[in-house]
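J.: Attaching a single structure in structure tokens format; questions to follow.
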Amino acid sequence: MTKRIKTEAPLEGMTRRNFLMASAATAATLAAARALLPSGAYAAPAAPEVTGAKLGFIALTDAAPLMIAREKGLFEKFGMPDVEVLKQASWGATRDNLMLGGEANGIDGAHILTPMPYLMHTGKVTQNNQPMPMAIVARLNYDCQAISVAQEYAGTGVGLDASKLKDAFAAKKAEGKEVKAAMTFPGGTHDLWLRYWLAAGGIDPNKDVSTIVVPPPQMVANMKVGNMDVFCVGEPWNEQLVHQGVGFTAATTGELWKGHPEKALGLRAAFIDKN
1 MTKRIKTEAP LEGMTRRNFL MASAATAATL AAARALLPSG AYAAPAAPEV TGAKLGFIAL
61 TDAAPLMIAR EKGLFEKFGM PDVEVLKQAS WGATRDNLML GGEANGIDGA HILTPMPYLM
121 HTGKVTQNNQ PMPMAIVARL NYDCQAISVA QEYAGTGVGL DASKLKDAFA AKKAEGKEVK
181 AAMTFPGGTH DLWLRYWLAA GGIDPNKDVS TIVVPPPQMV ANMKVGNMDV FCVGEPWNEQ
241 LVHQGVGFTA ATTGELWKGH PEKALGLRAA FIDKN
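Pasting the structure below:
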């Protein structure tokens, strides 16, 4: 026996005229809604919404991802041929240029110390504590920084254990001389590792030494003329120090925290939102 399939009855009261009128009204509503949406909202763009950005970097080997991307044409490959990779004088200059933004002759993003986007976002390191919304979009490297010491302390045997510097530092201070420990930015990773290393060895980074800020490319020159006793920075400056016979590396930051987050690619949130 063949089973009958029950069909639905036509909508009650629906005439051909009513159907056409309802369809026309629906089409008009959709057209109005579409007019309110941004242009191109119904179709994926054929190209990136932005073709360029101004990205800052400091002269350190961990800026290599940006250098390689530029030299290998990766920005062009992914539709951003107008990206500029711009050298910055210091982390302080990086912060200031991020505050300005690319449209005001600053930068849109940067190779940056991992804590800096957080510190800027909360206004901890900005002028008048003005928050600068930031985002970290990529991790550029892990650990691979180092703590280096002036050659005059080579006889102490100092290494991962900083306590071997206590007596030498105390003797220098007793002579009326200042003991200086250099890092690259207050609250940055180099500042944190240097303070941790000293404190773990019984040396108070707030009382027993004077902590100073020196841009990475100026570390070796300053130690050469006796402006500092220890510093923490990334490569190639520790290697340059050793090569020039000015000092030696006591510890790597990977020995303090293996695989710690170091540099990041940070972007202004306003740049991300706009593009």
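Residue numbers for the sequence shown follow this note's numbering, so the first one is 1 and each next one is one higher.
Just so it is clear, CB atoms sit at the ideal spot from N, CA and C, and this is done for glycine as well.
Source: prediction; values computed, not measured.
#1: Is the separation between the beta-carbon of residue 107 and that of residue 113 shorter than 7 Å?
#2: For the region 250-267 and the region 133-145, state whether three or more C-beta atom pairs, one from each stretch, are separated by less than 8 Å.
#3: What residue from 133, 49, 69, 180 has the CA that sits closest to residue 57's CA?
#4: For residue 240, which of 60, 55, 49 has the nearest alpha-carbon?
#5: Mark residue 219 as exposed unless 16 or more other C-beta atoms lie within 10 angstroms of its C-beta, in which case mark it buried.
#6: Name the one or two DSSP bridge partners that residue 144 has.
#7: On a Cα-Cα basis, can you pick out the residue from 110, 111, 211 that is closest to residue 228?
#8: Whose C-alpha, out of 95, 109, 243, 183, is nearest the C-alpha of residue 214?
#9: Going along the chain, which residues of its own chain have a beta-carbon closer than 8 Å to the beta-carbon of residue 203, five neighbours each way excluded?
#10: Going by other Cβ atoms of all chains shown within 10 Å of its Cβ, with 16 needed for buried, is residue 67 buried or exposed?
#11: Which full runs of the alpha helix (DSSP H) of 4+ residues lie inside the region 160-245, going along the chain?
#12: Please say whether residue 144 and residue 190 have beta carbons closer to each other than 7 Å?
#13: Under DSSP, the beta strand (DSSP E) around residue 123 begins and ends at which residues?
T.: Put simply:
#1: To locate residue 107, count along the sequence shown from 1; it is residue 107. To locate residue 113, count along the sequence shown from 1; it is residue 113. Their beta carbons are not under 7 Å apart, which means residue 107 does not touch residue 113 by this criterion.
#2: yes
#3: Reading the sequence shown from its first residue, position 57 is the one you call residue 57. Checked all of 133, 49, 69, 180; the closest Cα to residue 57 is 69.
#4: Position 240 of the sequence shown holds residue 240. If we check each option's Cα against that of residue 240, 60 comes out closest.
#5: For this step, residue 219 is matched to residue 219 along the sequence shown. Buried, because 16 or more other Cβ atoms sit within 10 Å of the Cβ of residue 219.
#6: As a working mapping, residue 144 is identified with position 144 in the sequence shown. Answer is none; residue 144 lacks a bridge partner.
#7: In the sequence shown, residue 228 corresponds to position 228, counting from 1. Among 110, 111, 211, the Cα nearest to that of residue 228 belongs to 211.
#8: Stepping through the sequence shown from its first residue, residue 214 is reached at position 214. For the residues 95, 109, 243, 183, the minimum Cα distance to residue 214 belongs to 183.
#9: Along the sequence shown, read from residue 1 onward, the residue named residue 203 stands at position 203. So the list reads 162, 163, 165, 166, 169, 209, once near-sequence residues are dropped.
#10: By one-based count along the sequence shown, residue 67 stands at place 67. The residue is exposed, with fewer than 16 neighbouring Cβ atoms inside 10 Å.
#11: 166-174, 189-200, 219-224, 237-243
#12: Your numbering for residue 190 matches position 190 in the sequence shown. Your numbering for residue 144 matches position 144 in the sequence shown. No, the pair does not count as a contact, with Cβ atoms beyond the cut-off.
#13: Within the sequence shown, numbered from 1, the residue matching residue 123 stands at position 123. First-last for residue 123: undefined, no H or E at that position.
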